[in-house]
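Notes to accompany the following structure.
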Amino acid sequence: SEIRALLAGGLRPAPDRAALAHTAFHGWLNGSRTPLEGVERLRGGAMRTIDLDSLAHRDRIWFDPVDLVEPALSAELERRSEAELTDELDRLLRASVERRLMADVPIGTMLSGGLDSSVVTALASRHAARVVAFTASTPSLPRVDERRHAALAAQGLGIPLETVSIEPQAWLGHLVNAVWLHEYPLFNSGVVMIEPIAARARERGVKVLLTGEGSDE
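Residue numbering for the sequence shown is 1130 to 1346, as defined by the working numbering.
Written out as structure tokens, the structure is:
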């Protein structure tokens, strides 16, 4: 499932310059193409079966999110008021966070001080006794530094905050590592901060990190 396994198996990599140019201009690379020539990816929910004798292959879709939609429930939700839907979302979000707090080690959160991560952190702190928040700071770039917002959220919730300070030169090193781990061009510079935050959490004995990443996308 990783390009690195193919490289370790002897694949000689060559960049797909057209794919990289498309990514640079449009911000995303859809379909089966990857940044490397000769390497394709399967679409989400797909499975490929390969005949080892002939190397013929066939793909099939084993999961489609559309299959999760229940027509009866969808129709019922359409009849509900905005207030009722808000209450239902609140109930589901609380239950979702609570289910992920079953651990015999300290629980942590990635906290930027934004709406998503602050809500997840607040819900986690209500159900878990030992919640530690982690954030990344860029002191030399105060315009984009989120430390102050994260500190305000952590203070309001009464939980400790661990801050990882990253200067520009160190950020470049983390950028290279993040691209290596993701194996794709990064579309959000915030992804670079995840690895050093996770490393700090591990140093503090925290092996579970919750985050609001993706909840608004």
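For each residue, glycine too, the CB sits at the ideal point set by N, CA and C.
- Distance from the CA of L1165 to the CA of I1179, rounded to the nearest whole angstrom, comes to 21 Å.
- Beyond the five residues adjoining it in sequence on each side, R1333 comes within less than 6 Å, by CB distance, of no other residue in the same chain.
- Secondary structure of A1327 (DSSP, three-state): helix.
- In this structure, DSSP gives R1259 a state outside helix and strand, which the three-state scheme calls coil.
- Note that the C-beta distance between G1237 and F1263 is below 7 Å.
- Of all alpha-carbon atoms in K1336, P1314, S1318, the one lying nearest the alpha-carbon of A1150 is that of P1314.
- Taking a contact to require three or more Cβ pairs closer than 8 Å, the region 1191 to 1210 and the region 1304 to 1312 do not qualify as touching.
- One Cα belongs to R1141, the other to R1162, and the distance between them is close to 17 Å.
- Taking 7 Å as the cut-off, the beta carbon of V1249 is found closer than this to the beta carbon of L1339.
- In this structure E1275 is buried. Its beta-carbon is surrounded by 16 or more other beta-carbon atoms within 10 angstroms.
- Counting every other CB atom within 10 Å of its CB across the protein chains shown gives V1273 a total below 16, marking it as exposed.
- V1168 and G1138 have their C-alpha atoms spaced approximately 13 Å apart.
- Its chain contains I1236, A1253, H1256, A1257 as the residues whose beta carbon lies nearer than 7 Å to that of L1230, once the 5 sequence neighbours on both sides are disregarded; these appear in chain order.
- Cα atoms of P1325 and G1156: separation of roughly 25 Å, rounded to the nearest angstrom.
- Shown here for P1289: same chain residues with a beta carbon closer than 6 Å to its own, the five before and five after excluded, namely V1261 in chain order.
- Annotation for E1291: no alpha helix (DSSP H) segment contains it, though the beta strand (DSSP E) segment containing it runs 1290 to 1294.
- Nearest Cα to Q1298 within the set V1198, R1177, P1268: P1268.
- For G1319 against H1278, the beta-carbon gap comes to about 13 Å, at or over 8 Å, which does not count as contact.
- Shown here, V1337 sits in a strand according to DSSP, grouped into three states.
- Here A1134 is exposed: its Cβ has fewer than 16 other Cβ atoms, across all protein chains shown, within 10 Å.
- In this structure, the straight-line span from the alpha carbon of L1202 to that of D1196 is close to 13 Å.
- The beta carbons of A1175 and D1188 sit closer together than 7 Å.
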